[in-house]
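Residue numbers (my numbering): 728 to 1566. Note that beta-carbon positions come from the ideal geometry of N, C-alpha and C, so glycine has one too.
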């Protein structure tokens, strides 16, 4: 028996059907072990020895693989054809060796597509494990561990509120922060453009002013309304004739098939997919045998695929769309490996179609791959120069026509930003001396714009251009930045959060080399040298560690106050920008004598006045010099003070450790805050009374998630702050009972979105309630989630009954038994159907 190990169960099932009897295919479910998240997992003093732990959720699967390996004659490791796939195979082999269950014959096979032809061919050409790829994996994993587990503790101790740092993660964050700095330093410049609309032979076209009084007019030449009005008057009074017509044909070649990086970029542009979502879909398409392996930076398809694509083009279009020779591509990306094929469909006879995300991504891959072997598009660009009789003004019009669409008939690559000179307007046939009719003249005011923030597509492109990281890791890197809340997405563009800017500033100030773009790219090249057998993995780590370790120790010895002072100086242009009026940007706007500076607190960095505690001025780290000045503490009365903290306004009575504080809920307006309301908030929790059945106290208060009731360790939500002070005993008992009846989805304290009526069989009232993850219908015991497309307030009683009944039928076993007792005995199903259900 031959035991075949792959990563996923879907892949295992497909491959087992291809190999037939004599083969048992099991899945490892991805990586089976990793470096434990603790100190000492990598020991630099012992040749960077690594301690590996098996994932707890993989123990059961590993036992199945071990049991099968003990009776197998041959172990075939058939994981993915890249470094990570090689690493998984190595881990499986090492675990089986330790368990003394490793067969004598161990083979490694790889295939670029999960098709019967590709799999069976791979089985005939086994090889040994690639030690160079395994060494590269170990070097990369150790490097990421050493960076993360050295920098992160420093961040925690020296920079309160920071969460983590990483070798590629921190550099990607710096790219986002650097762009934000460019935007903040950018100064808008006014400019005007003058254009005229002409008409000839019934076709209108636009010409823009490019010269006046012998001077060239560039985009920024006309900078004021007065100059624009003068130029517009010259064009309006002029009689223009065509001075020259220049027509130039040109061709546009198709882009190559997708790599991992370009797939993520184009899926973001055209489909709006996050990089992580794109990779999940692509993984599924690969395991279903629809596309080739999706982690690659190669741009070339194999010969058979190219031939199949050319046949498919000829079948779909005519012979003119098939180029004379197959197209060959080479990657322009820095550090490209090109060890595998580009991403393509496994069968060009299976066209794109469907509307789901899987189908949309498959269609994108199919069209791009097919277009890559199509004929070039032939276009023609026409440039017309016009001048007035007095020789004062000259205008230029450009247009473009498509003579032959070629690959554009199927696919056109998306762009992050449109080029300034891009113009596809259709032009009439004109010749020198023609005098087209002038219809109107416009002067349009514009302002220069800062560079755009990065989208997922443009950030992936930038990382690839710099040679930072690997395309297969970009999705996880970007997701980490979002999970750590170092960045946020606004209109599909990355904006750094305060914590992200602070971490970046800290790393730039104290670990500049390790977030330097060139150094990170060089380190990536070193890892590639390891995978190519040109450098030893331990030598690479030794070279890195000898400088990194002492630098980390040096920073760790610094006091937090020293770190804050250094960051205060480093961030001064951002925190205290020049006001342009000669005044001191650090001067405290509240007391007028103190100077502002960066401070470190338990919950992160903030700006405060040097006259503290006499002056209470503070502002959040992310607020610049134009942030509104704090008004300082406000005396409410009876020793209660209204203050502004890092997490919003709050009330305080007393001083130091003995002070009592209460946050002000969002539904309590600050304007006109009364002493009575302040006293109520300070008095919480409010005791309503003892429960009539249990004798335990019922209390009302306000917590992290809003107002609530509590009794004997059980909770019920309240709908507003007012209810905390107004709810009486009867209402409290009812709300707690309602919450208890709601089970996992407590409905207590929340008003239903809709009351549908009484269930015709059970007699229970059906309601539509709102929960954290969407609306649902409930009868107090059974809860049925509403479809996302449904309007919760428009659900009918009949629809609610159907949802509840369907959910009840799918519920716990005891529920099914109750239903079964009411139904007539079911007819015995045929043996084949019973077997299928069991399977």
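Helix, strand or coil, according to DSSP, for residue 1554 in the structure here? Working through the chain shown from its first residue, we reach residue 1554 at position 827. Note that residue 1554 scores a pLDDT of 45, beneath 50, so its modelled location is shaky; the value from the coordinates is reported in the next line. It is coil, neither helix nor strand.
What runs of the beta strand (DSSP E), each 3 residues or longer, lie entirely inside the stretch 957-1041? 967-979
Residues in the same chain with beta-carbon distance under 8 angstroms from residue 1214, minus the five sequence neighbours each way, listed in chain order, please. In the chain shown, residue 1214 corresponds to position 487, counting from 1. Contacts found: 900, 903, 1208, 1221, 1222, 1223, 1224 and 1227.
CA-CA distance, residue 1110 and residue 1163? The residue given as residue 1110 occupies position 383 in the chain shown. The residue given as residue 1163 occupies position 436 in the chain shown. Distance between the alpha carbons of residue 1110 and residue 1163 is about 15 angstroms.
Using alpha carbons as the reference points, say which of 1449, 1382 and 1087 lies closest to residue 1396. The residue given as residue 1396 occupies position 669 in the chain shown. With distances taken between Cα atoms, residue 1396 lies closest to 1449.
Going by DSSP in three states, residue 949 sits in which element: helix, strand or coil? In the chain shown, the residue the question calls residue 949 occupies position 222. Look at residue 949 here: in three-state DSSP terms it is coil, with no helix or strand label.
In three-state terms, what does DSSP make of residue 1197? In the chain shown, the residue the question calls residue 1197 occupies position 470. Residue state, collapsed to three classes: coil.
With 16 as the cutoff for other CB atoms within 10 Å, does residue 1495 come out buried or exposed? Taking the first residue of the chain shown as position 1, residue 1495 is located at position 768. By the neighbour-count rule (16 or more Cβ atoms within 10 Å), residue 1495 is buried.
Here's a check: name, in chain order, each residue in its chain whose Cβ is nearer than 8 angstroms to the Cβ of residue 742, leaving out the five neighbours to either side. Taking the first residue of the chain shown as 1, we reach residue 742 at position 15. 731, 733, 752, 805, 841 and 846.
Buried or exposed for residue 852, going by 16 or more other Cβ atoms inside 10 Å? Here residue 852 is taken as the residue at index 125 of the chain shown, counted from 1. Exposed: under 16 other Cβ atoms inside 10 Å.
For residue 906, which of helix, strand or coil comes out of DSSP? Residue numbering aside, residue 906 sits at position 179 when the chain shown is read from its first letter. Three-state DSSP puts residue 906 in a helix.
Range of the contiguous beta strand (DSSP E) that encloses residue 1131: Position 404 of the chain shown holds residue 1131. Element bounds for residue 1131: 1120-1131.
Within the chosen definition, does the stretch 1012-1020 reach the stretch 1105-1124 through at least 3 CB pairs nearer than 8 angstroms? no
Over what stretch of residues does the alpha helix (DSSP H) that includes residue 1074 continue unbroken? Taking the first residue of the chain shown as position 1, residue 1074 is located at position 347. Segment: none, residue 1074 is in no alpha helix (DSSP H) and carries neither H nor E.
What's the gap between the Cα of residue 1290 and the Cα of residue 1193? If you number the chain shown from 1, residue 1290 lands on position 563. If you number the chain shown from 1, residue 1193 lands on position 466. Rounded to the nearest angstrom, the two C-alpha atoms are 30 angstroms apart.
I need the DSSP call for residue 1376, collapsed to helix, strand or coil. Reading the chain shown from its first residue, position 649 is the one you call residue 1376. Reduced to three states, the DSSP call for residue 1376 is strand.
My output table needs one value for residue 1224: the three-state DSSP class, helix, strand or coil. Looking up residue 1224 in the chain shown gives position 497. Note: residue 1224 maps to coil in three-state DSSP.
Taking the alpha-carbon positions, what's the residue 933 to residue 1326 distance? Mapped onto the chain shown, residue 933 falls at position 206. Mapped onto the chain shown, residue 1326 falls at position 599. Their Cα atoms are separated by approximately 57 angstroms.
Whether or not the stretch 1449-1460 and the stretch 1408-1415 are in contact is what I'm after, with contact meaning three or more pairs of Cβ atoms, one per stretch, closer than 8 angstroms; do they touch? yes
Per-residue DSSP class, three states only, for residue 1058: Taking the chain shown and counting its residues from 1, the one referred to as residue 1058 is at position 331. Correct three-state label for residue 1058: coil.
Kindly indicate which three-state DSSP category residue 1410 falls into: helix, strand or coil? If you number the chain shown from 1, residue 1410 lands on position 683. Helix, per DSSP.
Same chain only: Cβ atoms within 8 angstroms of residue 1040, ignoring 5 sequence neighbours per side: To locate residue 1040, count along the chain shown from 1; it is residue 313. Taken in chain order, the residues that qualify are 1048, 1049, 1097, 1100 and 1101.
Can you name the residues that DSSP bridges to residue 682? Beyond the ends of the chain as shown, which are 728 and 1566, falls residue 682; an answer cannot be given.
Quick check: what's the CA-CA separation for residue 843 versus residue 786? Position 116 of the chain shown, counting from 1, holds the residue named residue 843. Position 59 of the chain shown, counting from 1, holds the residue named residue 786. Taking the straight line joining both Cα atoms gives about 31 angstroms.
My output table needs one value for residue 872: the three-state DSSP class, helix, strand or coil. Mapped onto the chain shown, residue 872 falls at position 145. Correct three-state label for residue 872: helix.
What are the partner residues of residue 1169, as DSSP defines its beta bridges? Taking the chain shown and counting its residues from 1, one reaches residue 1169 at position 442. For residue 1169, which the question treats as bridged, DSSP gives the partners 922.
Locate the alpha helix (DSSP H) running through residue 1275, then write down its first and last residues. In the chain shown, counting from the first residue as 1, residue 1275 sits at position 548. Note, residue 1275: alpha helix (DSSP H), 1264-1283.
Secondary structure of residue 1473, DSSP reduced to three states: Taking the chain shown and counting its residues from 1, one reaches residue 1473 at position 746. Residue confidence for residue 1473 is low, a pLDDT of 39 falling below 50, so the modelled location carries little weight; the figure read from the coordinates is stated next. In this structure, residue 1473 counts as coil in the three-state DSSP scheme.
Who does residue 913 pair with in a DSSP beta bridge? On the chain shown, residue 913 is found 186 positions in, with the first residue counted as 1. According to DSSP, which records beta bridges pairwise, residue 913 is partnered with nothing at all.
Indicate the three-state DSSP secondary structure (helix, strand or coil) for residue 1434 in the structure shown. Along the chain shown, one-based indexing puts residue 1434 at 707. Correct three-state label for residue 1434: strand.
Can you tell me whether DSSP reads residue 1089 as helix, strand or coil? Along the chain shown, read from residue 1 onward, the residue named residue 1089 stands at position 362. Helix, per DSSP.
Helix or strand or just coil, what does DSSP make of residue 1482? Taking the chain shown and counting its residues from 1, one reaches residue 1482 at position 755. DSSP places residue 1482 in strand when its eight states are reduced to three.
Leaving out five residues on either side along the sequence, give the residues of the same chain with a beta carbon under 8 angstroms from the beta carbon of residue 1381. Counting from 1 along the chain shown, the entry for residue 1381 is found at position 654. Counting only Cβ-Cβ distances below 8 angstroms, and skipping sequence neighbours, we find 1366 and 1387.
DSSP has residue 791 in a bridge; who is on the other side? As a first step, residue 791 is located in the chain shown; it is residue number 64 there, counting from the start. BP columns for residue 791 are empty, so no partner.
Determine, using beta-carbon pairs with one atom in the stretch 807-827 and one in the stretch 765-777, whether at least three such pairs fall under 8 angstroms. With a cut-off of 8 angstroms, the stretch 765-777 and the stretch 807-827 do not count as touching, because too few Cβ pairs lie within range.
Based on DSSP bridge pairs, tell me the residues matched to residue 1370. Numbered from 1 along the chain shown, position 643 holds the residue referred to as residue 1370. Under DSSP, residue 1370 shares a beta bridge with 1377.
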